[in-house]
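Beneath this line is the structure, given in structure tokens, with notes to follow.
There are 2 protein chains.
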Amino acid sequence: MASSAPASRSCSCGQHCAHCLEKLCTHGIPIFASLAVDQLEKIAGKTLHRSYEKGETILEEGSHPDYVAILNGGSVKASRFTADGREQILYVFSEGDFFGEQNLLFDRPAVYAVTALEPCRLCFLYKKDFQQLLADNPDIGLRIISELGWRMSHLENSVRNMGVRSLESRIGAVLLELAGKYGAKQDDGTLVRMPLSREGLANYIGIARETVSRKLGMLEDEGMIRSVGARHILIRDMKALEELAG
Amino acid sequence: MASSAPASRSCSCGQHCAHCLEKLCTHGIPIFASLAVDQLEKIAGKTLHRSYEKGETILEEGSHPDYVAILNGGSVKASRFTADGREQILYVFSEGDFFGEQNLLFDRPAVYAVTALEPCRLCFLYKKDFQQLLADNPDIGLRIISELGWRMSHLENSVRNMGVRSLESRIGAVLLELAGKYGAKQDDGTLVRMPLSREGLANYIGIARETVSRKLGMLEDEGMIRSVGARHILIRDMKALEELAG
DNA sequence: GCCCCTCCGTGATTGCAATCACATCCTTAT
DNA sequence: ATAAGGATGTGATTGCAATCACGGAGGGGC
Numbered sequence: 172m173a174s175s176a177p178a179s180r181s182c183s184c185g186q187h188c189a190h191c192l193e194k195l196c197t198h199g200i201p202i203f204a205s206l207a208v209d210q211l212e213k214i215a216g217k218t219l220h221r222s223y224e225k226g227e228t229i230l231e232e233g234s235h236p237d238y239v240a241i242l243n244g245g246s247v248k249a250s251r252f253t254a255d256g257r258e259q260i261l262y263v264f265s266e267g268d269f270f271g272e273q274n275l276l277f278d279r280p281a282v283y284a285v286t287a288l289e290p291c292r293l294c295f296l297y298k299k300d301f302q303q304l305l306a307d308n309p310d311i312g313l314r315i316i317s318e319l320g321w322r323m324s325h326l327e328n329s330v331r332n333m334g335v336r337s338l339e340s341r342i343g344a345v346l347l348e349l350a351g352k353y354g355a356k357q358d359d360g361t362l363v364r365m366p367l368s369r370e371g372l373a374n375y376i377g378i379a380r381e382t383v384s385r386k387l388g389m390l391e392d393e394g395m396i397r398s399v400g401a402r403h404i405l406i407r408d409m410k411a412l413e414e415l416a417g
Numbered sequence: 172m173a174s175s176a177p178a179s180r181s182c183s184c185g186q187h188c189a190h191c192l193e194k195l196c197t198h199g200i201p202i203f204a205s206l207a208v209d210q211l212e213k214i215a216g217k218t219l220h221r222s223y224e225k226g227e228t229i230l231e232e233g234s235h236p237d238y239v240a241i242l243n244g245g246s247v248k249a250s251r252f253t254a255d256g257r258e259q260i261l262y263v264f265s266e267g268d269f270f271g272e273q274n275l276l277f278d279r280p281a282v283y284a285v286t287a288l289e290p291c292r293l294c295f296l297y298k299k300d301f302q303q304l305l306a307d308n309p310d311i312g313l314r315i316i317s318e319l320g321w322r323m324s325h326l327e328n329s330v331r332n333m334g335v336r337s338l339e340s341r342i343g344a345v346l347l348e349l350a351g352k353y354g355a356k357q358d359d360g361t362l363v364r365m366p367l368s369r370e371g372l373a374n375y376i377g378i379a380r381e382t383v384s385r386k387l388g389m390l391e392d393e394g395m396i397r398s399v400g401a402r403h404i405l406i407r408d409m410k411a412l413e414e415l416a417g
């Protein structure tokens, strides 16, 4: 894993131009937001990079990764499996998200598998460098706590939603979430690029694939949304959707 | 809230005897584990203390507490409510657990209410003091990350379990969890003091109260457990229960 | 162009847990 | 002790989503 040669990321133009910043893998990552450019470059120089194709496994359940992985482009899913092979998707990560910090800092095995949902790029920061970084910048610890807090909010929402009976509100909630991450405003509504297939959606909210189809069909009949191809959904009435999601 | 006068907690015997350590509210709290005794005393001197009766609300959903609360004895539940008034319990906290750190560090409103399940004691550490503490001891930040990691594992488990169809395994999982926190080994099994009523259990795992009764009855018929009064359950066959929970 | 394979929608059936209704037990206050 | 109110067990019924089964659509490779 992550065995391809790391491209040097230091800014070759001798200045910190926008162009080079954009190519810097540590740039735009929330947990590194407090670092200065030269620090970003220093860290970037220590990372390994690798691209993954759709469907490739990045991290296996139960493994002991010795790196923090930072998602630099594309999106991945993090999922757990039950004994009888059913998948429960816990998170959909996209650019700027990270994973593996628990395993690295506290030597716990990974409790979920991470799989690419589309072609994506990751950068890996290894244990020693990450710990050094944390020691030098206590601020990063705070930012990690903050990010974990958001992630917990998300899970708390999931648990709450799954405890409720109404399937519709769960569908609504997940559509809103994906709209926030992958949606683009248009004249006639918000067009959402769906990183998950219908089956993926089903495994994300914990219901059957067929039920997802049926409920989405109902929402479409009501004029709330409209399917656009297989991988896009247009939200026509955001307000109604928000009300549905509660 | 927390308006009763704080008792001074510094060690009056002039030495760090076991007796006084036991009374020190900061002693035995995991996130403070790396602090020396004099630091523990210093923090303890800055805390406010208050006791709560069963059923009392400690923290309301949506409020902006400016303290971290550390549970010093007893147990509490953290729960969210749906629009139609249904309760979903997210956590059962007991001695040594803390809450409120997200609200305090990042000024986010509390997303769950916290209510006493039995008489309990809390100590409150206010914003300024907590931030100072974090700044002085970066180690505490790491310990918070660690604890949040465990809490996330718990939620990830909950989501996974709720995504699975089998009610039995969810019941089994929650019994195991409570056994770990409130269980005592005996000759004939593990006796678990149940902090939650049957309705509480139901709201914890997201199913109906009646179903909890029925499923527990089934487990009792199978000889796996035995109800002892209303507030205790004896686990007679731990192995079978673990298998059930997966 | 064609085939193959995966993803997706839809109908019919079934099963399981929510809900409703009520009797009983337990706790607690007076 | 006793009454009152809440918590709990249990049966009957119902509703909703899982499952099963299949046809169709779309997309990628050759």
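Quick note, the sequences are listed as chains A and B, same order. Residue numbering for the first sequence follows the numbering used here, beginning at 172 and increasing consecutively. Residue numbering for the second sequence follows the numbering used here, beginning at 172 and increasing consecutively. Glycine included, every Cβ here is placed at the ideal spot set by N, Cα and C.
For the alpha helix (DSSP H) containing residue i, name the first residue and the last one.
i	result
B:His198	No alpha helix (DSSP H) contains B:His198, which DSSP labels as neither H nor E.
B:Arg292	Careful: B:Arg292 lies outside any alpha helix (DSSP H), inside the beta strand (DSSP E) at Cys291 to Tyr297.
A:Arg380	Arg380 to Asp392
A:Gly371	Arg369 to Ile376
B:His325	Pro309 to Gly334
B:Leu206	Careful: B:Leu206 lies outside any alpha helix (DSSP H) and carries neither H nor E.
B:Ala411	Met409 to Ala416
Between residue i and chain A, is there a C-beta pair that is closer than 7 Å?
i	result
B:Gln259	yes
B:Glu327	yes
B:Met333	yes
B:Pro309	yes
B:Phe277	yes
B:Val345	no
B:Thr361	no
Apply the 10 Å Cβ neighbour rule to residue i and answer buried if 16 or more other Cβ atoms are within range, or exposed otherwise.
i	result
B:Ala176	Unreliable placement is indicated for B:Ala176, whose pLDDT of 39 sits below 50; the coordinate value is still reported in the next sentence. By the 10 Å Cβ count, B:Ala176 comes out exposed.
A:Thr197	buried
B:Thr382	exposed
B:Glu414	exposed
B:Met389	exposed
A:Glu370	exposed
B:Asp268	buried
B:Ala401	exposed
Identify every residue that forms a DSSP beta bridge with residue i.
i	result
A:Arg221	A:Leu293
A:Phe270	A:Ala240
B:Leu304	In the DSSP output, where bridge partners are listed per residue, B:Leu304 has none listed.
A:Gly360	A:Gln357
B:Thr228	B:Thr286
A:His403	A:Arg364 and A:Val399
B:Ser265	B:Ser246
B:Gln259	B:Arg251
Let me see if you follow: with CB-CB separation under 7 Å, is residue i close to chain B or not?
i	result
A:Gly256	no
A:Gln302	no
A:Gln210	no
A:Ala411	no
A:Ser419	Since the first and last residues shown for chain A are 172 and 417, residue 419 of chain A lies out of range.
A:Gln273	yes
A:Ser324	yes
A:Ser317	yes
A:Ala176	The pLDDT assigned to A:Ala176 is 39, lower than 50, so where the model puts this residue is not dependable; a value taken from the coordinates is nonetheless given after this. Not one chain B Cβ lies under 7 Å of A:Ala176.
A:Ala173	With a pLDDT of only 40 at A:Ala173, under 50, the local geometry of the prediction cannot be trusted, and the value read off the model is given with reservation. Output row for A:Ala173: interface = no.
Between which two residues does the beta strand (DSSP E) harbouring residue i extend?
i	result
B:Arg341	Segment Leu338 to Tyr353 is the alpha helix (DSSP H) holding B:Arg341; no beta strand (DSSP E) there.
A:Ala284	Ala284 to Ala287
So does residue i have its beta carbon nearer than 6 Å to some heavy atom of the ligand FMN?
i	result
B:Arg257	With respect to the ligand FMN, the structure shown offers nothing to examine, as it has no ligands at all.
- Task: Would you check if there are 3 or more beta carbon pairs closer than 8 Å linking the segment 348-357 of chain B to the segment 389-397 of chain B?
- Result: no
- Query: Any chance the segment 213-224 of chain A sits against the segment 280-297 of chain A, with 3 or more Cβ pairs inside 8 Å?
  - Reply: yes
- Pairing CB atoms from the segment 220-236 of chain B with CB atoms from the segment 255-266 of chain B, are three or more of them under 8 Å? no
- Decide yes or no for the touch test of the segment 334-352 of chain B against the segment 274-283 of chain B: beta carbon pairs closer than 8 Å, at least 3 of them. no
- Would you say the segment 241-256 of chain A touches the segment 315-323 of chain A, given that touching needs at least three Cβ pairs under 8 Å? no
- Message: I'd like to know if the segment 278-288 of chain A and the segment 228-241 of chain A are in contact, where contact means that at least 3 CB-CB pairs between them fall below 8 Å.
- Response: yes
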